[in-house]
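Under the working numbering, residues 63 to 495 are what the sequence shown spells out, in order. Don't be surprised by glycine CBs; every beta carbon is placed ideally from N, CA and C.
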Amino acid sequence: MITTRFAPSPTGFLHIGGVRTALFNWLYAKKNSGKFLLRIEDTDRERSSKEAIKKIIDGLNWLGLENDGEIVYQHKNEERHIEVAHILLEAGFAYRDWELENDYGDLEKNHAIRFKTPKEGETIINDKVQGDVEIKNKEIEDFVLLRSNGTPTYMLSVVVDDYDMNVTDIIRGDDHLTNAAKQKLIYDSLKWKCPTFTHIPLIHGQDGSKLSKRHGALGIEFYKEEGYLPEALINYLLRLGWSHGDQEIFSLEEMIKYFSIEKIRKSPSKFDIDKLNDINSIYLKNTPIETLISKIDSSHSNLSEKKFKSLSIVMPEILKRCKNIKDIEKNINFIINERPIKIDNEANKLINDVSLNSLEKLSKILKKLDKWDANEIEHTIKNFLKDEGLNFKDIGLPLRAVLVGFLSPIGINTIIESLGKDEVLARIEDIIK
Numbered sequence: 063m064i065t066t067r068f069a070p071s072p073t074g075f076l077h078i079g080g081v082r083t084a085l086f087n088w089l090y091a092k093k094n095s096g097k098f099l100l101r102i103e104d105t106d107r108e109r110s111s112k113e114a115i116k117k118i119i120d121g122l123n124w125l126g127l128e129n130d131g132e133i134v135y136q137h138k139n140e141e142r143h144i145e146v147a148h149i150l151l152e153a154g155f156a157y158r159d160w161e162l163e164n165d166y167g168d169l170e171k172n173h174a175i176r177f178k179t180p181k182e183g184e185t186i187i188n189d190k191v192q193g194d195v196e197i198k199n200k201e202i203e204d205f206v207l208l209r210s211n212g213t214p215t216y217m218l219s220v221v222v223d224d225y226d227m228n229v230t231d232i233i234r235g236d237d238h239l240t241n242a243a244k245q246k247l248i249y250d251s252l253k254w255k256c257p258t259f260t261h262i263p264l265i266h267g268q269d270g271s272k273l274s275k276r277h278g279a280l281g282i283e284f285y286k287e288e289g290y291l292p293e294a295l296i297n298y299l300l301r302l303g304w305s306h307g308d309q310e311i312f313s314l315e316e317m318i319k320y321f322s323i324e325k326i327r328k329s330p331s332k333f334d335i336d337k338l339n340d341i342n343s344i345y346l347k348n349t350p351i352e353t354l355i356s357k358i359d360s361s362h363s364n365l366s367e368k369k370f371k372s373l374s375i376v377m378p379e380i381l382k383r384c385k386n387i388k389d390i391e392k393n394i395n396f397i398i399n400e401r402p403i404k405i406d407n408e409a410n411k412l413i414n415d416v417s418l419n420s421l422e423k424l425s426k427i428l429k430k431l432d433k434w435d436a437n438e439i440e441h442t443i444k445n446f447l448k449d450e451g452l453n454f455k456d457i458g459l460p461l462r463a464v465l466v467g468f469l470s471p472i473g474i475n476t477i478i479e480s481l482g483k484d485e486v487l488a489r490i491e492d493i494i495k
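Shown next, in the form of structure tokens:
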């Protein structure tokens with residue numbers, strides 16, 4: 063059975079590059095009816111934190127990349143790692159490296175155990191993306207398996223855990239390619255079957271440099287808090303270094319169906335926050351209004367029928383301008399919030415005696431309308447402006463301020479229609495008093 067794994071270190075946030083690695087592992091396992099395992103590489107006990115572990119697990123679950131079976135915590139396997147180091151030692155593939163452990167030069171009993179790297183020949187990694195990578199053995203140092211304090215190193219632990227977890231395919235960033243040769247030497251020495259290696263190119267910033275916070279690449283919790291949809295983020299990351307023709311948007315079923323290692327490009331991809339915003343906007347437009355509202359705030363899920371109808375009217379225009387849930391929330395609060403609405407400083411500057419006088423006149427005309435829709439409202443306002451000798455901005459901006467509370471880019475006719483006649487007249491009355 064195909065078995066992949068994602069093995070993050072819980073010493074910081076779950077990076078966007080790590081999420082793509084997890085996604086590729088998850089998709090490959092699902093495509094082949096296999097297993098996707100999660101291993102927390104927490105052997106660095108000082109730097110590992112429960113908070114980081116929780117963020118990793120929560121982030122993967124939020125994205126829908128749930129692991130099969132129990133989560134493996136690497137530090138719990140330390141005895142097994144030490145056991146294998148001694149197997150290599152007894153078989154002649156490793157040796158004790160005695161060290162001076164104190165300032166007086168006394169030889170301590172503690173010692174490291176190093177792997178005895180062959181000095182002849184080469185180690186070949188048959189990589190499914192990079193091709194055959196040949197490393198001369200003389201270029202590989204005698205690397206440490208057990209430190210002088212008796213703790214196992216990453217290089218040993220990862221091999222033992224992958225073997226014991228029956229991992230068949232290792233998909234990870236190409237910054238691990240240099241480790242692959244050392245790990246293959248351990249596999250070969252133990253006569254263990256080596257997993258298939260797939261080293262994928264790293265994600266770069268738009269300027270071609272290593273991806274960092276300044277490129278907009280932050281921890282997965284940032285994107286969740288900012289209001290990106292998990293399915294949109296997954297879709298975007300899938301297309302970073304992988305493609306299926308010119309198709310941009312994929313359902314989860316299509317991702318699993320079409321994904322293949324062979325379609326992963328060798329060259330690095332560039333993280334583009336604008337492209338992510340575009341894809342997220344597409345997903346937002348195709349998400350039911352009820353779902354969007356519940357994502358904004360669960361307390362909004364029981365909105366009155368009247369307010370829900372108002373949102374249905376205004377939402378198409380809001381979605382043209384919004385890139386995430388936070389943007390939507392800002393733009394729909396004028397409907398959700400109860401009167402009297404709060405008017406921000408910029409909008410408040412537009413409210414004066416002249417504009418209040420015009421608003422009072424307009425409200426009397428609007429009150430007489432029998433039909434309340436955008437076209438009728440637009441026609442009525444145009445006639446009012448003509449009769450009063452006003453420009454649209456003379457009434458449009460202060461009216462927007464009074465009805466919304468800030469200078470929303472939504473069309474004023476849509477705002478008026480969505481709020482409904484009674485609410486519009488009441489909000490104008492609130493400010494005129």
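query, result
"Opposing strand residues paired with W160 [DSSP bridges]", "H173"
"Any 3 or more C-beta pairs closer than 8 angstroms across the segment 338 to 350 and the segment 437 to 449", "no"
"Contacting residues, own chain, Cβ-Cβ under 8 angstroms from T66 (five flanking each side not counted)", "N87, W88, Y90, A91, G96, K97, F98, L99, V229, T230, D231, I232, I233"
"Segments assigned beta strand (DSSP E), at least 3 residues, entirely inside the segment 71 to 110", "97 to 102"
"Assigned exposure category for E182 - 16 Cβ within 10 Å defines buried", "exposed"
"D194 (DSSP reduced to helix, strand or coil)", "strand"
"Spatial neighbours of Q192 in its chain, beta-carbon cut-off 6 angstroms, leaving aside the 5 residues before and after", "H261"
"Start-to-end residues for the alpha helix (DSSP H) that takes in L454", "Correcting the residue identity first, residue 454 is Phe in this sequence and not Leu. Here the alpha helix (DSSP H) through F454 covers 454 to 466."
"Bridge partner(s) assigned by DSSP for I67", "The residue you asked about is not Ile; residue 67 is Arg in the sequence shown. Paired residues: L99."
"Local conformation of D308 per DSSP, three classes", "coil"
"Status (buried if at least 16 other CB within 10 Å, exposed otherwise) for Y185", "Looking at the sequence itself, residue 185 is Thr, so the reference to Tyr does not match. With 16 or more Cβ atoms within 10 Å of its Cβ, T185 is classed as buried."
"Span separating the alpha-carbon of K200 from that of Q245", "15 angstroms"
"Which of helix, strand or coil DSSP assigns to S366", "coil"
"Whole-number beta carbon distance between L418 and I493, since they are thought to touch under 8 angstroms", "7 angstroms"
"Stretch pair the segment 282 to 298 + the segment 374 to 387: three plus CB contacts closer than 8 angstroms", "yes"
"Boundaries (first-last residue) of the beta strand (DSSP E) holding V206", "206 to 208"
"Distance, R142 Cα to E152 Cα", "15 angstroms"
"C-beta atoms of K272 and L280 nearer than 9 angstroms", "no"
"The segment 113 to 121 in contact with the segment 316 to 323 per 3-pair CB rule at 8 angstroms", "no"
"Contact under 9 angstroms by Cβ, S214 with A147", "Looking at the sequence shown, residue 214 is not Ser but Pro. A contact, by the Cβ cut-off of 9 angstroms."
"CB-CB length for I502 against A463, believed under 8 angstroms", "Absent from the structure is residue 502, since the part of the chain shown begins at 63 and ends at 495."
"8 angstroms CB neighbourhood of T83 in its chain, flanking five on each side removed", "F68, I233, R234, G235, I262"
"D189 - containing beta strand (DSSP E), residue span", "184 to 189"
"Short Cβ contact (9 angstroms threshold) for Y249 with D204", "no"
"Helix, strand or coil at K483 according to DSSP, with G and I counted as helix", "helix"
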